[in-house]
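Participant: Going line by line, the protein sequences match chains A and B. Just so you know, this note's numbering puts the end of the first sequence at 1609, numbered straight through with nothing missing. Just so you know, this note's numbering puts the end of the second sequence at 1609, numbered straight through with nothing missing. Cβ atoms here follow ideal geometry from the backbone N, Cα and C, with glycine treated the same way. Bear in mind that the values here come from a model prediction, so they are computed numbers and not experimental data.
There are 2 protein chains.
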Amino acid sequence: MPANVIDTSRSPYARLKPVPIENVKLEDGFWASRLNMLLNVTIPTQYQLLEESGRIDNFRRAAGKVKGLFRGLYFNDSDVYKWVEAASFALAYRRDPRVEELTDRVVAEIAAAQDEDGYLNTYFTFERKKERWSNLRDMHEMYCAGHLFQASVARQRALGKMDLLAVAVRFADHIYDVFGPGRRESVDGHPEVEMALVELYREAGKREYLELAQLLIEQRGRGLIGGSPYHLDHKTFKEMEEIPPGAHAVRALYLCCGAADVYMETGDLGLMEALKRLWRDLVERKMYVTGGVGSRYEGEAVGEAYELPNERAYAETCAAVANAMWNWRMLLATGEARFADVMELALYNGALSGISLSGDLYFYVNPLADRGKHRRQKWFECACCPPNIARLIAYVPSMVYARERDGVYVNLYAASKAWIELDGGRIQLIQRTRYPWDGLVEVEVRPESIDEFSLLLRAPGWSKPARVEVNGEGYGTTQPGSYFEVRRRWKEEDVVRVRFDMGPMLIEAHPRVTCNTGRVAVRYGPLVYCLEQADNEHDVWDLAVVPGTLRAEWRPDLLGGVVAVKGKALALDTSAWAGKLYAPLGEVRAPAREVELTAIPYYAWANREPGPMIVWVRLAEQRTAQQRSA
Amino acid sequence: MPANVIDTSRSPYARLKPVPIENVKLEDGFWASRLNMLLNVTIPTQYQLLEESGRIDNFRRAAGKVKGLFRGLYFNDSDVYKWVEAASFALAYRRDPRVEELTDRVVAEIAAAQDEDGYLNTYFTFERKKERWSNLRDMHEMYCAGHLFQASVARQRALGKMDLLAVAVRFADHIYDVFGPGRRESVDGHPEVEMALVELYREAGKREYLELAQLLIEQRGRGLIGGSPYHLDHKTFKEMEEIPPGAHAVRALYLCCGAADVYMETGDLGLMEALKRLWRDLVERKMYVTGGVGSRYEGEAVGEAYELPNERAYAETCAAVANAMWNWRMLLATGEARFADVMELALYNGALSGISLSGDLYFYVNPLADRGKHRRQKWFECACCPPNIARLIAYVPSMVYARERDGVYVNLYAASKAWIELDGGRIQLIQRTRYPWDGLVEVEVRPESIDEFSLLLRAPGWSKPARVEVNGEGYGTTQPGSYFEVRRRWKEEDVVRVRFDMGPMLIEAHPRVTCNTGRVAVRYGPLVYCLEQADNEHDVWDLAVVPGTLRAEWRPDLLGGVVAVKGKALALDTSAWAGKLYAPLGEVRAPAREVELTAIPYYAWANREPGPMIVWVRLAEQRTAQQRSA
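1) Please confirm if the stretch 1558-1578 of chain B is in contact with the stretch 1313-1331 of chain B, defined as three or more CB-CB distances below 8 Å between the two stretches.
2) Compare the C-alpha of V1177/A against each of T1245/A, C1123/A and H1213/A and name the closest.
3) For C1235/A, would you say it is in contact with chain B, using Cβ-to-Cβ distances shorter than 8 Å as the test?
4) Using a Cβ-Cβ distance under 8 Å, would G1590/B count as near chain A?
5) Expressed to the nearest angstrom, what Euclidean distance is found between the alpha-carbon atoms of I1429/B and V1379/B?
6) Put C1361/B into one of helix, strand or coil per three-state DSSP.
7) Note down, one range per segment and in chain order, each beta strand (DSSP E) of at least 3 residues found wholly within the stretch 1326-1383 of chain B.
8) For F1150/A versus A1130/A, is the C-beta distance shorter than 8 Å?
9) Taking the alpha carbon of G1205/A as the point to measure from, which residue in H1169/A, L1232/A, A982/A and E1187/A has its own alpha carbon closest?
10) Since P1563/B sits in a beta bridge, which residues does DSSP pair it with?
11) Sort K1108/B, G1504/B and R1259/B by Cα distance to D1417/B and report the nearest one.
12) Please report the straight-line C-alpha distance between D1247/A and V1241/A, rounded to a whole angstrom.
13) Are the C-beta of P1526/B and some C-beta of chain A separated by less than 8 Å?
14) Please compile the residues from chain A whose C-beta is within a distance smaller than 8 Å of the C-beta of I1486/B.
15) Relative to the alpha-carbon of D1007/B, which residue among A1041/B, P1490/B, E1400/B and I1409/B has its alpha-carbon at the smallest distance?
16) Can A1069/A and A982/A be called in contact, C-beta distance under 8 Å?
17) Going by C-alpha distance, which of V1524/B, G1161/B, K1265/B and N1390/B is nearest A1319/B?
18) Mapping the DSSP letters down to three states, classify L1250/A as helix, strand or coil.
19) Would C1297/A pass as an interface residue toward chain B - the criterion being a Cβ-Cβ separation below 8 Å?
20) With a cut-off of 8 Å, do at least 3 Cβ pairs link the stretch 1253-1260 of chain B to the stretch 1223-1239 of chain B?
21) Measuring alpha carbon to alpha carbon, tell me which residue in G1273/B, T1313/B, A1555/B and R1350/B is nearest Q1512/B.
22) Starting from the beta carbon of W1112/A, find every residue of chain B whose beta carbon is closer than 8 Å, and list them in chain order.
23) Below 7 Å on C-beta distance, what does M1266/B contact in chain A?
24) Quick check: the Cα distance between V1229/A and E1173/A, rounded to an integer number of angstroms?
25) Among the candidates V1501/B, V1059/B, I1035/B and E1383/B, whose CA atom is the shortest distance from the CA of K1049/B?
26) CA-CA distance, N1367/A and L1311/B?
27) Secondary structure at Q1512/B, three-state DSSP: helix, strand or coil?
28) I'd like the ranges of any alpha helix (DSSP H) spanning at least 4 consecutive residues and lying wholly in the stretch 1020-1099 of chain B.
29) Is the Cβ of L1551/A closer than 8 Å to any Cβ of chain B?
30) Could you give the uninterrupted runs of the alpha helix (DSSP H) lying entirely in the stretch 1176-1221 of chain B, keeping only those of 4 residues or more?
31) Among N1328/A, C1297/A, G1329/A and I1372/A, which residue has its Cα nearest to the Cα of G1338/A?
32) Can you give me the Cβ contacts of E1487/A inside the same chain, cut-off strictly under 6 Å, excluding the 5 residues immediately before and after it?
33) Terminal residues of the continuous alpha helix (DSSP H) containing V1124/B?
34) Let's test the definition: count the other Cβ atoms within 10 Å of the Cβ of C1361/A and tell me whether it reaches 16, buried, or not, exposed.
35) Under 8 Å by Cβ, that's how I've got K1545/B and L1576/B pegged, so tell me the actual separation to the nearest angstrom.
36) Any beta carbon from chain A within less than 8 Å of Y1188/B's own beta carbon?
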């Protein structure tokens, strides 16, 4: 305690400091219900699956408690660690004795599996002991170690339990002995350990871990693991101009997380410059409208600029989680709202689609169009995504706010009560909002032991200039894509109010995104929408939305309660095309009739009967244009 | 001799019989120059590469003539066989002592490598001898055998040399002993041997080979090699309703070739029904406008219906070659013009793009849009494509005509002289045409020893009804997509004349092809066009073609002589989008100015300096529509 997820409290180059999970009490609403689901369903069912799939037995085996062979993939330990991290932070939000007991038990199994010398990886035990550190490019040993470190830090911060931290420290010391300055030069094929080492440094105080994280970033790009863009080893980090086509999306974004964490400790401007270049490359050229990342199945990789296929989007859940994690770090480092925008985008859309409304089914791949075949699964052989989306949801309470010396940043809007320690004293904030369903936000400020400070409200990049009122009187107008500062001497029950225009609105893509020509997406506030067959009579792939006809409709009965977006569409009857794939322009005359369309939030698709889904809907004008040209 | 490529002369269920290569003398024109290039450049340079890469040394090693390890991939023998096949058929077109000597030498190396028991595969020799036939799913043993059989048949038919046929027969007998009826049940992971066995049966007369081909088709889909759609083992061939998503494109099409060949010998209607279903699935839902096949890099596979990405099209050269081969067989089996349409489409576009104008550089992957990175290579580690496009070009003379009892089918238009044996006697045909650059075709008929017969002119599916004249007088009007029959008692120097409207025209795709929304392709006769940067000032990805402005222009200087298509386009200035990937519809106003566009045949792209290329160009109306909606 405190349960900071990214603990920049003492990071010299972090502009913002965290607000710990336990200080933010989500009230009835979007995220509160998801945190409850996390504790009640996701964490317990994932535990079951970790057991059934042999992942925990692998630790028991390594400890000599059970016989038999290692089960599953060589990096399966990481799933257990990620689960411990998710469970720990969830427990910081709300103590749940059952979940706590489960985590205690799992942590005991982990601890028992550690080698005398500190090494810990259940794949590399017994017969494979001699293969340790022999193939850093492929075998994910440091990747697994990183997840262990993050789990140990989470457990310590959330529950004050040092047991796993002691394990992590012993293992980190071992890694430092092998790979520290002046020792063996190498890097891991799958970045992750970098950010974990920085957190371990923050928690355990050993500067060696920061040094090692630095070293692992600096040594990348020297061909130590083969020099491929896939492994982000084609250039040094500081030389990178782009996230290269073919780069594994999750590895790329985890590496950026690590570099951001190192920057916040060291202030190395070369890192920050590279981070900002890579961020622009991603956000301006290679990111899905959902915040998802990864355009290619082959290599789970990022594509060329503007290569953003919809049906075959890979957009791994882990990549969207990593995108949110990276942008959160960039926000903490800089205080710039553009990073909060992408953090929110990835969180509400590309990442959240990775888990079912029931909390126990998962997407690994998150396409932006589908014919009804793609369904969430209970688990995967490579199960990185389920515990990853779990830990991201557990992080949410800590993402809502951040603090400066005498200012509070409101990053996310969510009904909540929060107690925040500023340098001069403690304040309480009560957010009243139905966000993301409604753009009205009221923040009641209760200065407890300090009265002059700033409240910085994030004006989302997607929003329009909005009037800010303090106690019913006009105070100013927001500028979208920045924080709006209200600074005053606060009195008990002062209320700041702002109403963001949520839309709905239509979005178009850069003309170079060839797959989206003549297509638009529907957005409502931070949410990207899709058309799903369950809500529409005509095949949603054959609908063309008529601009200017959209309206929002609150539907408490639908998908756990969502704002549906209704509008008019032209429904194309494609039967005239039967038997033809190509035809002279205008030769096939497919009639269209006007119908009602219903769009739902993208995160909520595939929770009902299977059927076609599409995010980038055809724009109606284009159809009429084709008819005219015929 | 005669050098029939697919010898249906005695196939009871083939409607059409072949015209052998040596009977068709291509005159100065499109294909004549390519046949010459094949003999002068492609075959000799490929021989060099087969030597340099160790592929021929592998045979020498197996024969005990050289020491050392097997070099390259385990299926590399097939490249040598395909080269022998290509060289042999090319020699039937024109004897070239240098090429003939090369092939004789290579064939001697092959023959010397055969085992006592008839087995022949240079990978499975010495230390790997015990692994023979142990992994039919992955190790391509029958695939390699099939290419050997085809090479041996080609050599016998083209040069009357029996040496390789003797090798093939011994190996085929060996395979029959192992896998024949009542023996071990299995199939090869990579179909190819099926069609080869049928040809070997046709050439060597052993009905066992036909039986074995039948068996290998029938046994597929019983899970003998794991049951995956990738291997076309998920269902029996006759049960298949579609070419399943995830099926390896080349395997799927080779299997269809084999089934068509078996059908022509057995008349098994279940096979033909399945073939027609799969054909419709491919041609109406899964084929690129170029005749290319394969939508996915992962698995080199066919995708879902209408999944036809452009930049990331895989469209392997081998798959377009296989598509032409399959459709040729379907044409021979049925006499239906729709198959000739697809054969011509694949030949002129998706396959021909696989080789450079210089005849010595190759594409493995044939995207339909590119930013200038994709270039032809001299060779590949997996070099299936170079000899495959070589053999397809060698086939061309035999593809031009086919014959019925008393009728000649003109399948392809090409300046040529041909001598054709009908049942009643011999005729000569002189085709005068500049096709594909001009739609005027004159066929001078010289009845040599028979005077009453039919001339069946193919009216391409892409054409418009065209007036057919005999000796300058109207005879009738073609119906596009069928053969037009001129039946009469012919006199010396009778001339049939038809002029097809070549276009240029704009093509659109089925509305479900989401990547082509608002986009059109340019077609001129059988050729699909593309915009390449070398001919255009403005970035071709940012052009929008204005319908109704296209015109053809003969450019003898360009790319070896092509018809270029010129027209008007709106050139979008995308700089207003700088820094944005998504924006509210109409918010970004990118100005457009009218420019001239130039399109070139798709097959000819990437023969000049690298730069962007695009087949599916934005349609201008759509842009104006977006501006209007804003």
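Facilitator: So, to answer that:
1) no
2) T1245/A
3) no
4) With 8 Å as the cut-off, G1590/B does not count as an interface residue toward chain A.
5) Straight-line spacing of the CA atoms in I1429/B and V1379/B works out to 21 Å.
6) coil
7) 1380-1383
8) No, the Cβ-Cβ distance between F1150/A and A1130/A is not below 8 Å.
9) Of H1169/A, L1232/A, A982/A and E1187/A, the residue nearest in Cα terms is H1169/A.
10) For P1563/B, which the question treats as bridged, DSSP gives the partners I1486/A.
11) G1504/B
12) 8 Å
13) yes
14) Y1561, A1562, P1563 and L1564
15) I1409/B
16) no
17) N1390/B
18) DSSP places L1250/A in helix when its eight states are reduced to three.
19) no
20) yes
21) R1350/B
22) Neighbours of W1112/A on chain B: none; closest Cβ ~30 Å, over 8 Å.
23) L1560
24) 14 Å
25) Going by the sequence as given, residue 1049/B is Phe instead of Lys. Checked all of V1501/B, V1059/B, I1035/B and E1383/B; the closest Cα to F1049/B is I1035/B.
26) 57 Å
27) Helix at Q1512/B.
28) Taking only runs of at least 4 residues, the alpha helix (DSSP H) segments lying wholly in the stretch 1020-1099 of chain B are 1022-1031, 1034-1041, 1056-1072 and 1076-1091.
29) yes
30) 1186-1197
31) I1372/A
32) V1499
33) Residue identity check: residue 1124/B is Ala in the sequence provided, not Val. Counting along the chain, the alpha helix (DSSP H) containing A1124/B begins and ends at E1120 to L1138.
34) exposed
35) 7 Å
36) With its beta carbon at least 8 Å from every one in chain A, Y1188/B lies outside the interface.
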